[in-house]
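Note that the sequence shown covers residues 6 to 71 in my numbering.
What follows is a short report on a single structure.
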Amino acid sequence: MNQFKTLRASSLYCPKCKATQPVYEKLLLVLPDREVYDYLCRRCATSIGSREVKAGANAPQGLILP
Ligand SMILES: [Zn+2]
Numbered sequence: 006m007n008q009f010k011t012l013r014a015s016s017l018y019c020p021k022c023k024a025t026q027p028v029y030e031k032l033l034l035v036l037p038d039r040e041v042y043d044y045l046c047r048r049c050a051t052s053i054g055s056r057e058v059k060a061g062a063n064a065p066q067g068l069i070l071p
């Protein structure tokens, strides 16, 4: 087993294609403490998921003020 494999998804179920499709990542939002990525279907470009990447390990969770 590969312990170093990330949790990054490479394919997700697309409701529009009605099948599991390969996805690509698009940077959607950059916040002071995290970045939000969108997963888009490679076939139809529908957003079928998202992922948040924390910028700092000790960043507090919860309310984020502008
Ligand atoms: Zn699709």
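All residues carry an ideal CB built from backbone N, CA and C; glycine is no exception.
Computed from a prediction, not measured in an experiment: that's the story for all the values here.
Open item on the list: Could you tell me the alpha carbon to alpha carbon distance between K21 and G54, rounded to whole angstroms?
Closed with: 13 Å
- [ ] Kindly identify the DSSP beta-bridge partner or partners of T25.
- [x] Y18
Open item on the list: Here's a check: name, in chain order, each residue in its chain whose Cβ is nearer than 8 Å to the Cβ of T25, leaving out the five neighbours to either side.
Closed with: S16, L17, Y18 and C19
Task: Between the CA atoms of V58 and Y29 - distance to the nearest angstrom - done: 16 Å
- [ ] Check whether the Cβ atoms of S52 and Y44 lie closer than 8 Å to each other.
- [x] yes
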